[in-house]
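**Q** The sequence shown runs 3 to 322 under the working numbering.
Right, I'll just put the structure down here and ask away after.
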Amino acid sequence: MLFQQLCLCSLSCAVAFSMFSGGFANAQGKSIAERLGYPADSKLLIIHADDLAVAHAIDRASFDAFERQAITSGSIMVPCPWFTEVAAYAKEHPEADLGLHLTLTSEWKTYRWGPVAWKDEVPSLLDPDGYLWADVPPVVQRAKPEEVEHELRAQIERAIQAGIQPTHLDSHMGTLFANPAFFAAYVKLAREYHLPFFMIRMEKVPPEFAGMIPPELAAQFREDDILLDGTVMATPAVKPENWKEYYGGVLRALKPGVTQLIVHLGYDDAELQAVTVDHADFGSAWRQRDFEAITSPEIKKALEENQVILIGWKDLKKLL
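Written out as structure tokens, the structure reads:
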């Protein structure tokens, strides 16, 4: 159920729109590519790793992918148990492009976490056991927008106090896209901290997907917001034996504009198997496949053959 909700909330704002081209233009009419110094028809790609700080195996795989230059950005789940490991890495590697995967859910069966803020300050964010809710619908139904904003701010402040200089904000499991009031807090904090935020531009959304997005979201954008042209990630429909072929197809189909390819990296070891128990989707084997695919010579070759230019959120942050 929780990963079905992930597909509904996150993918409705993301995968469903993947590969739509055009390039968001600022008031001067220049695309993001042009503002970054590239031709207007350039295919720019962010290869982005989610979920850092959830587990040591996820952190190690993500750090390894950074070292191999197989990813260009990652995002940190501040409430999670391995946050201090990522904070130490960020201090040692100031060049690493690390944003914050703002987190209002704790979805694994036996591996849970609570909020960063004091629990008595955000009671509507807590399940009966005192953890963050395990899925998106209870958050949408029960969380108070003011408490959501308070918790998001606490996560940002904790990251900054730990020495992390975030490059952007995004939303774990798409929770912040599921409620206009939550989205308003997300955008407000991104602007307050002078950070780009993950969102797809909406003017070319096909009619069959338009109903998935609350129209109030579009009303909150400004001309100077940096919005992506598309995003894509593997879904349960991709067969394990076709993993590399899937990513190769993504790169071959890439259109001009700025696209984010989201990957979930990890090592299929005892730790991550325990963390993701009973969840084949986005579980330890899935994350091992993502790691092996994204670091493979085949993907590197496909990037070169399709003239894909890799960028990161640091590049987009410079445009603010």
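For glycine and all other residues, C-beta sits at the position ideal for the given N, C-alpha and C.
Just the Cα atoms here: how many angstroms apart are Val234 and Asp137?
**A** Roughly 22 Å between the two C-alpha positions.
**Q** Roughly how many angstroms separate the alpha carbons of Glu273 and Leu102, rounded to a whole number?
**A** So the alpha carbons of these two residues sit roughly 23 Å apart.
**Q** Tell me the rounded alpha-carbon separation between Arg203 and Thr261.
**A** Approximately 11 Å, taken between the alpha carbons.
**Q** Over the uninterrupted alpha helix (DSSP H) stretch that includes Gln262, give me the two end residues.
**A** Counting along the chain, Gln262 falls outside any alpha helix (DSSP H), though it belongs to the beta strand (DSSP E) covering 259 to 265.
**Q** Skipping 5 residues on each side, what residues in its chain have a beta carbon closer than 6 Å to that of Asp271?
**A** So the list reads Ala59, once near-sequence residues are dropped.
**Q** Within a Cβ cutoff of 7 Å, which residues of the same chain sit near Thr297, ignoring the five residues on either side of it in sequence?
**A** Within the same chain, Thr297 has close Cβ partners Ala67, Arg70, Ala72.
**Q** To which residues of the same chain is Ala92 closer than 7 Å at the C-beta, ignoring the five residues directly before and after it?
**A** Correct list, in chain order: Ala98, Leu100, Gly165, Ile166.
**Q** Which residue spans inside the segment 114 to 202 form an unbroken beta strand (DSSP E) run of at least 3?
**A** Within the segment 114 to 202, the complete beta strand (DSSP E) runs of at least 3 residues are 171 to 173.
**Q** Over what stretch of residues does the beta strand (DSSP E) that includes His103 continue unbroken?
**A** Run containing His103: 100 to 104, per the beta strand (DSSP E) assignment.
**Q** Trp120: buried (16+ other C-beta within 10 angstroms of its C-beta) or exposed?
**A** Burial call: exposed.
**Q** Evaluate Lys45 with the Cβ neighbour count: other Cβ atoms within 10 Å of its Cβ, from every protein chain shown; 16 or more gives buried, anything less gives exposed.
**A** Its Cβ being crowded by 16 or more others within 10 Å, Lys45 is buried.
**Q** At the level of alpha carbons, what is the spacing between Asp292 and Asp226?
**A** In a straight line, the C-alpha of Asp292 is about 34 Å away from that of Asp226.
**Q** Do you know offhand how far Ser173's Cα is from Glu149's?
**A** If I take the Cα positions, the gap works out to 16 Å.
**Q** Please classify Gly31 as buried or exposed, where buried requires at least 16 other C-beta atoms within 10 Å of its C-beta.
**A** So Gly31 ends up on the exposed side.
**Q** Which residues mark the beginning and the end of the alpha helix (DSSP H) in which Thr86 is found?
**A** It spans 85 to 94 - the alpha helix (DSSP H) in which Thr86 sits, taken as one unbroken run.
**Q** What are the residues that DSSP puts in a beta bridge with Met235?
**A** Answer is Ile264, bridged to Met235.
**Q** Output needed for Ala295: all residues of its chain with C-beta closer than 7 Å, excluding positions within five of it in sequence on either side, in chain order.
**A** Correct list, in chain order: Trp245, Lys246, Tyr249, Ile301.
**Q** How should Ile162 be labelled, buried or exposed, when 16 other C-beta atoms within 10 angstroms of its C-beta is the threshold for buried?
**A** Ile162 should be labelled exposed.
**Q** Helix, strand or coil for Val277? Go by DSSP, reduced to three states.
**A** Val277: helix per DSSP, three-state reduction.
**Q** Could you give the DSSP three-state label for Lys45: helix, strand or coil?
**A** The answer is strand: DSSP assigns Lys45 an E or B state.
**Q** Let me know the secondary structure DSSP gives Ile73 once reduced to three states.
**A** Coil, per DSSP.
**Q** Taking the alpha-carbon positions, what's the Gly25 to Leu318 distance?
**A** Confidence at Gly25 is low in this model, with a pLDDT of 39, below 50, so the placement of that residue should be treated as unreliable; the coordinate-derived value is given next. In a straight line, the C-alpha of Gly25 is about 13 Å away from that of Leu318.
**Q** On the CB-based measure, 16 or more other CB atoms within 10 Å of its CB, does Ser14 come out buried or exposed?
**A** Since pLDDT at Ser14 reaches only 37, below the 50 mark, its modelled position is unreliable, and no value is offered.
**Q** I'd like to know whether the C-beta atoms of Pro277 and Val56 end up nearer to each other than 8 Å.
**A** Checking the sequence shown, residue 277 turns out to be Val, not Pro. It is a contact, given that the beta carbons lie within the stated cut-off.
**Q** Could you tell me the distance, in whole angstroms, from the CA atom of His50 to the CA atom of Phe199?
**A** The straight-line gap from Cα to Cα measures roughly 14 Å.
**Q** Who does Phe54 pair with in a DSSP beta bridge?
**A** What sits at residue 54 in the sequence shown is Leu, not Phe. Beta-bridge pairing links Leu54 to Ile78.
**Q** Return the chain-ordered list of same chain residues with a C-beta closer than 8 Å to the C-beta of Gly314, the five sequence neighbours on each side being excluded.
**A** Cβ neighbours of Gly314 beyond the five flanking positions: Ile48, Thr74, Ser75, Asp99, Thr169.
**Q** Inspect the beta-carbon positions of Leu106 and Glu153 and report whether they are closer than 8 Å.
**A** Closer than 8 Å, so yes.
**Q** In the structure shown, what three-state DSSP assignment does Val252 receive?
**A** Looking at Val252 - three-state DSSP - the assignment turns out to be helix.
**Q** Between the Cα of Trp110 and those of Gly39, Arg62, Ala187, Cys82, spot the shortest distance and give me the residue it belongs to.
**A** Looking at the Cα atoms, Cys82 is the closest of the given residues.
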